[in-house]
Each structure stands twice: as C-alpha cells, then as structure tokens.
Amino acid sequence: AQSVTQLDSHVSVSEGTPVLLRCNYSSSYSPSLFWYVQHPNKGLQLLLKYTSAATLVKGINGFEAEFKKSETSFHLTKPSAHMSDAAEYFCVVTLYSSASKIIFGSGTRLSIRP
Amino acid sequence: GAVVSQHPSWVICKSGTSVKIECRSLDFQATTMFWYRQFPKQSLMLMATSNEGSKATYEQGVEKDKFLINHASLTLSTLTVTSAHPEDSSFYICSARDQGRGVGWQETQYFGPGTRLLVL
Chain A
1 AQSVTQLDSH
11 VSVSEGTPVL
21 LRCNYSSSYS
31 PSLFWYVQHP
41 NKGLQLLLKY
51 TSAATLVKGI
61 NGFEAEFKKS
71 ETSFHLTKPS
81 AHMSDAAEYF
91 CVVTLYSSAS
101 KIIFGSGTRL
111 SIRP
Chain B
1001 GAVVSQHPSW
1011 VICKSGTSVK
1021 IECRSLDFQA
1031 TTMFWYRQFP
1041 KQSLMLMATS
1051 NEGSKATYEQ
1061 GVEKDKFLIN
1071 HASLTLSTLT
1081 VTSAHPEDSS
1091 FYICSARDQG
1101 RGVGWQETQY
1111 FGPGTRLLVL
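Chains as they are written, first to last, in my numbering: chain A, 1 to 114; chain B, 1001 to 1120.
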C-alpha cells in the first residue's frame, strides 16, 4: 500500500538555525512528491515538487528538498529559519499507478523561537 | 500564474439551509478539481474528485446527496452543502490540477484559499 509519513508532528527551531522536516513515502511506482505550506486559516501554497528530474529540488523562500530513492525519503530543509516560516507543512505524493490519487502526510507544525 | 480562488471565504448559515462554494482556476484550465475538508490541526481529507462534464467521484464515506459537486466548465467547480448541520462546520479547500505543467501524476495541484463554514 502507498503511504506518506511525516515523522514529526511538531518541530521547533530558533530563528536563524537550520530547518529539517522529514517525509518518507512508500510506493511501488514512480512517485511525484510535493511540499506545501499552510499558514493559519489559509489554503496550501506549493513550496516545491519532484517529478523525476533533478533529485535536489529548490523551492520558494529558500526551501529545498532532496529525493532519495534508496531511503524513500523527501526531506525538506532550509539553511536559516525565519519567523515567517512558522506554519504547517504537508508532504504530498501522487503516484504513477493512479494519477488521481493524492496522498497527504499528516502535517508538521513548524515553530520558530526568537 | 496557477491561481485558484474560492468564494466565499467564510460563511455562516442556519441549520437546514444549503450553502454553495465556488472554486475557480483563474489563469489555467482544469478538467479535474478536488474538494477537501480540513478539521482543526488535522491534515486535509479528500472528499471528492470533480471532473469537468461528468459526475464527481466521491471518496468512501462521503455522502453524494449531501455534498453536491458540479464542474460545469474548465475553470469552475462548485460544492453545495445541502441541508447543512452543525457537524458540517469545517474548512473546505479546493484544488485544481494544472495539466499544462506536467503529465498525469506529475501535474501539480494548486489550492484555493479555503472556505470556512459555520452552521448554527
């Protein structure tokens, strides 16, 4: 069965320090992977996506993610956290086997300490 | 580019009334749109897939007669919550796939800003 696991429900970092949000997926087929951010009472904004091109993907706001097939991971990183990064982050997978099937991770809440 | 709008952004209604929520892709065409429901501090739950010109595909456990979906054009899908009750209060989010940017499973979903529904 296909699944997406966000390993941390809550991550707290100090402003200016690196951010790591972890995502692992389970799939028998080639996946497309996405990271979205949701600020309170807002819709989801696309940060970046992997669609079988370069394994290191750069997104908006200084975020990037690396697709590691051997580890079935797609972790989101940022070198230096900013207060405005505080939000909920979702890892999302769509699968070649079913283009209409979208699988959401449970979300990771990122808090930034001053 | 790839902007999705929702209207209204919030709505308060009395129990028993019906509420229509619109989802529009503003600068691209979308043969497929999705409707989600999100409870506080939880992930999105897919309710249904809206297909232009055909019937929507509902996820298991979602009542078709209660959540009516119409996808009359390539840029508009509507969700009507019929005979709303307090338990229908939630944050409803739509998304649209931009088929001009990718193929099939590679297509990116763009999300609307959401509609908060409160049923009294």
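Built from N, CA and C at the ideal position, the CB exists for glycine as well.
Proximal chain A residues relative to Y1092 (chain B), where beta-carbon distance stays under 9 Å: Numbered from 1 along the second sequence, position 92 holds the residue referred to as residue 1092 (chain B). Correct list: empty, because the minimum Cβ distance to chain A is about 10 Å.
Beta-carbon gap between L95 (chain A) and Y36 (chain A) smaller than 9 Å: Here residue 95 (chain A) refers to the residue found at position 95 of the first sequence. Here residue 36 (chain A) refers to the residue found at position 36 of the first sequence. Taking 9 Å as the Cβ cut-off, L95 (chain A) and Y36 (chain A) do not qualify as a contacting pair.
Simplified DSSP state of S1073 (chain B), which is helix, strand or coil: Locating residue 1073 (chain B) in the second sequence gives position 73, counting from the first residue. S1073 (chain B) sits in a strand when the DSSP states are folded into three classes.
CB contact flag (L44 (chain A), E64 (chain A), <9 Å): Numbered from its first residue, the first sequence carries residue 44 (chain A) at position 44. Numbered from its first residue, the first sequence carries residue 64 (chain A) at position 64. With a cutoff of 9 Å on beta-carbon distance, L44 (chain A) and E64 (chain A) are scored as not near each other.
DSSP bridge partner residues for S3 (chain A) (one or two, in chain order): Translated into the one-based positions of the first sequence, residue 3 (chain A) becomes position 3. Note: S3 (chain A) sits in a beta bridge opposite A:S26.
Interface partners of S1043 (chain B) on chain A, CB under 8 Å: On the second sequence, position 43 is the one that residue 1043 (chain B) refers to. Within chain A, the C-beta atoms nearer than 8 Å to that of S1043 (chain B) come from F90, F104, G105, S106 and G107, in chain order.
At least 3 beta-carbon pairs within less than 8 Å: the segment 1020-1038 of chain B vs the segment 1059-1079 of chain B: Result yes; three or more Cβ-Cβ pairs closer than 8 Å.
CB of E1059 (chain B) within 9 Å of CB of A1072 (chain B), strictly: Locating residue 1059 (chain B) in the second sequence gives position 59, where the first residue counts as 1. Locating residue 1072 (chain B) in the second sequence gives position 72, where the first residue counts as 1. Result no, Cβ atoms of E1059 (chain B) and A1072 (chain B) do not sit closer than 9 Å.
Residue burial classification, H75 (chain A) (beta-carbon count within 10 angstroms, cutoff 16): Here residue 75 (chain A) is taken as the residue at index 75 of the first sequence, counted from 1. Result: buried.
Residue(s) in a DSSP beta bridge with N61 (chain A): Translated into the one-based positions of the first sequence, residue 61 (chain A) becomes position 61. By DSSP's assignment, N61 (chain A) forms no beta bridge with any residue.
7 Å Cβ shell around L46 (chain A) - same chain, five flanking residues per side excluded: Residue mapping note: residue 46 (chain A) aligns to position 46 of the first sequence, counting from 1. Correct list, in chain order: F34 and Y36.
Collapsed DSSP secondary structure at S1025 (chain B) in the structure displayed: Within the second sequence, residue 1025 (chain B) is the residue found at index 25, counting from 1. The answer is strand: DSSP assigns S1025 (chain B) an E or B state.
Nearest neighbour of T77 (chain A), chosen from A:V92, A:V93 and A:K58 [CA to CA]: Residue 77 (chain A) sits at position 77 when you count from the first residue of the first sequence. Checking every option, the nearest Cα to that of T77 (chain A) belongs to A:K58.
Residues in the segment 22-44 of chain A having any Cβ partner in chain D nearer than 9 Å: The structure shown contains no chain D; its protein chains are A and B.
Exposure of I103 (chain A), with buried meaning 16 or more beta-carbon neighbours within 10 Å: Position 103 of the first sequence, counted from the start, is the residue given in the question as residue 103 (chain A). I103 (chain A) should be labelled buried.
Chain A within 9 Å of Q1006 (chain B), Cβ atoms only: Working through the second sequence from its first residue, we reach residue 1006 (chain B) at position 6. It does; some Cβ of chain A falls within 9 Å.
D8 (chain A) versus A:S14, A:I60 and A:E88, residue with shortest Cα-Cα distance: Here residue 8 (chain A) corresponds to residue number 8 of the first sequence, with the count starting at 1. If we check each option's Cα against that of D8 (chain A), A:E88 comes out closest.
Sequence-distant residues of its chain with Cβ nearer than 8 Å to H1007 (chain B) (five each side left out): Counting from one through the second sequence, the residue named residue 1007 (chain B) turns up at place 7. These residues qualify, in order along the chain: I1021, E1022, R1024 and T1115.
Three-state class that DSSP yields for S84 (chain A) in the structure shown: In the first sequence, counting from the first residue as 1, residue 84 (chain A) sits at position 84. Annotated three-state conformation of S84 (chain A) is helix, per DSSP.
Contacts of P1113 (chain B) in chain A (Cβ-Cβ under 8 Å): Stepping through the second sequence from its first residue, residue 1113 (chain B) is reached at position 113. Those are K42 and G43, listed as they occur along chain A.
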